[in-house]
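Each position in the sequence shown, counted from 1, maps to that position plus 11 in the working numbering. Glycine included, each C-beta is placed from N, C-alpha and C at the ideal position. Worksheet: the structure to be examined is printed underneath.
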Amino acid sequence: MNTEVKGTTLPVLEVVLDIGEEVISTHGELSWMSPNLEMSQTTGTGGKHGLMAGLKRLAGGGGLFLTRYRASNGQAMVAFAAKLPGRIFPVEITSGAGFYVHRHGWLCATPEVQPSVGFQQSFRGGLWGGDGFVLERLEGQGTAWVELAGEIMTYDLASGQSLLVHPGHVGVFQDTVSFQMTRVPGIANKLFGEDGFHLVALTGPGTVWLQSMPLPILAHSLSPYLGNVSTTGAAATGGIAGGVIGNLIGRDV
Numbered sequence: 012m013n014t015e016v017k018g019t020t021l022p023v024l025e026v027v028l029d030i031g032e033e034v035i036s037t038h039g040e041l042s043w044m045s046p047n048l049e050m051s052q053t054t055g056t057g058g059k060h061g062l063m064a065g066l067k068r069l070a071g072g073g074g075l076f077l078t079r080y081r082a083s084n085g086q087a088m089v090a091f092a093a094k095l096p097g098r099i100f101p102v103e104i105t106s107g108a109g110f111y112v113h114r115h116g117w118l119c120a121t122p123e124v125q126p127s128v129g130f131q132q133s134f135r136g137g138l139w140g141g142d143g144f145v146l147e148r149l150e151g152q153g154t155a156w157v158e159l160a161g162e163i164m165t166y167d168l169a170s171g172q173s174l175l176v177h178p179g180h181v182g183v184f185q186d187t188v189s190f191q192m193t194r195v196p197g198i199a200n201k202l203f204g205e206d207g208f209h210l211v212a213l214t215g216p217g218t219v220w221l222q223s224m225p226l227p228i229l230a231h232s233l234s235p236y237l238g239n240v241s242t243t244g245a246a247a248t249g250g251i252a253g254g255v256i257g258n259l260i261g262r263d264v
């Protein structure tokens with residue numbers, strides 16, 4: 012297997028598979044592939060098969076099925092493109108040493124990697140739009156590729172060293188790092204802070220990768236400029252209807 016991350020601002024992970032090699036991903040990650048690549052669906056990886064493995068992923072914000080890409084007729088290629096400006100990079104997973112990844116971060120992995128439920132915290136809405144804070148856990152044995160948005164900041168936390176992070180900026184961290192949901196203290200923050208004042212306390216030892224432009228925060232920043240979609244749609248419909256009526260009246264006159 013040969014892998015290469017191509018591009019800069021919007022990178023693409025290109026995976027070239029020899030006969031018998033395969034990778035797995037969630038639905039919707041495929042960008043393009045060679046026609047001789049065999050695609051199938053599976054509920055389990057890493058020797059763990061069956062419905063229960065898929066249900067655990069579903070509970071963690073993932074999908075019931077995973078897509079398996081296998082080279083069965085000569086060398087084959089599959090590519091996964093970034094959804095936002097940012098970076099794609101690999102993490103090496105060994106037995107007893109896994110990773111937690113934000114729900115949109117896992118791109119693909121070798122077949123012995125096991126994605127499962129990690130953590131899920133619901134919020135009332137606001138910045139999150141009902142999406143909540145969801146982590147997937149990657150364990151097993153192999154290589155996984157993750158996608159983070161914006162600039163990537165890496166922190167190596169010593170034992171007992173903590174970092175308070177806005178949930179949207181959490182990208183990836185080793186499972187040796189403990190985490191706990193908390194809030195900024197103070198009455199004013201509780202009354203007026205809404206969901207923006209939920210923080211994740213990450214405590215070492217271990218490495219943490221943070222992202223500067225997560226999708227929920229980007230969407231929240233753009234929302235004032237998008238206007239009311241339903242109002243815009245109604246105005247457009249009214250304009251079209253008015254034009255049609257005007258043409259009919261003009262013809263009758």
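Chain-order list of residues whose beta-carbon lies under 7 Å from that of ALA169 (same chain, five-residue window excluded)
Here residue 169 is taken as the residue at index 158 of the sequence shown, counted from 1. Excluding positions up to five away in sequence, the list reads GLY215, PRO216.
Less than 8 Å between the beta carbons of GLY97 and ALA155, yes or no?
The residue labelled residue 97 in the question sits at position 86 within the sequence shown. The residue labelled residue 155 in the question sits at position 144 within the sequence shown. The answer is no: Cβ separation not under 8 Å.
Measuring only the C-alpha atoms, how far is GLN152 from GLU33?
Counting from one through the sequence shown, the residue named residue 152 turns up at place 141. Counting from one through the sequence shown, the residue named residue 33 turns up at place 22. Rounded to the nearest angstrom, the two C-alpha atoms are 14 Å apart.
Which one of GLU103, VAL124, SER232, SER83 has the shortest CA to CA distance from PHE184?
As a position in the sequence shown, residue 184 is number 173, starting the count at 1. Selected option, being the one with the closest Cα: GLU103.
Residues of its chain near THR121, where Cβ-Cβ distance is below 7 Å and the 5 sequence neighbours each way are ignored:
In the sequence shown, the residue the question calls residue 121 occupies position 110. Beyond the five residues adjoining it in sequence on each side, THR121 comes within less than 7 Å, by CB distance, of VAL34, GLY153, THR154 in the same chain, given in chain order.
ILE30 by DSSP, collapsed to three states: which one?
Start at 1 with the first residue of the sequence shown, and residue 30 comes out as number 19. ILE30 falls in the coil class under three-state DSSP.
What number of angstroms, rounded off, separates the C-alpha of THR54 from the C-alpha of HIS113?
Looking up residue 54 in the sequence shown gives position 43. Looking up residue 113 in the sequence shown gives position 102. Near 20 Å, if we compare the C-alpha coordinates of HIS113 and THR54.
If you draw a straight line from the C-alpha of VAL6 to the C-alpha of GLY116, how long is it?
This structure leaves residue 6 out entirely; the chain is present only between 12 and 264.
Per DSSP, the bridge partner or partners of GLY107
If you number the sequence shown from 1, residue 107 lands on position 96. For GLY107, no pairing in a beta bridge is given by DSSP.
Have a look at GLY182 and TRP220 and give me their C-alpha separation to the nearest angstrom.
Counting from 1 along the sequence shown, the entry for residue 182 is found at position 171. Counting from 1 along the sequence shown, the entry for residue 220 is found at position 209. Between the alpha carbons of GLY182 and TRP220 lies a distance of about 5 Å.
Hey, LEU28 and ALA92: beta-carbon distance below 8 Å or not?
Within the sequence shown, residue 28 is the residue found at index 17, counting from 1. Within the sequence shown, residue 92 is the residue found at index 81, counting from 1. Their beta carbons are not under 8 Å apart, which means LEU28 does not touch ALA92 by this criterion.
Skipping 5 residues on each side, what residues in its chain have a beta carbon closer than 6 Å to that of LYS94?
Translated into positions along the sequence shown, residue 94 becomes position 83. Excluding residues within five positions, none has a Cβ falling inside 6 Å.
Rounded to whole angstroms, what's the CA-CA distance from TYR236 to ILE228? Just pull it up for me.
As a working mapping, residue 236 is identified with position 225 in the sequence shown. As a working mapping, residue 228 is identified with position 217 in the sequence shown. C-alpha of TYR236 to C-alpha of ILE228: approximately 14 Å in a straight line.
Give the range of the beta strand (DSSP E) segment to which GLN152 is assigned.
Taking the first residue of the sequence shown as position 1, residue 152 is located at position 141. Unbroken run through GLN152: none, as it is neither H nor E.
Residue burial classification, GLU266 (beta-carbon count within 10 angstroms, cutoff 16)
The structure shown does not extend to residue 266, since the chain is modelled only from 12 through 264, so no value can be given for it.
Drop a sphere of 10 angstroms on the beta-carbon of GLU15, count the other beta-carbons inside from all chains shown, and report buried for 16 or more, exposed for fewer.
By one-based count along the sequence shown, residue 15 stands at place 4. By the 10 Å Cβ count, GLU15 comes out exposed.
Among all the DSSP beta bridges, which residues are the ones paired with ASN13?
Within the sequence shown, residue 13 is the residue found at index 2, counting from 1. ASN13 is bridged to VAL27.
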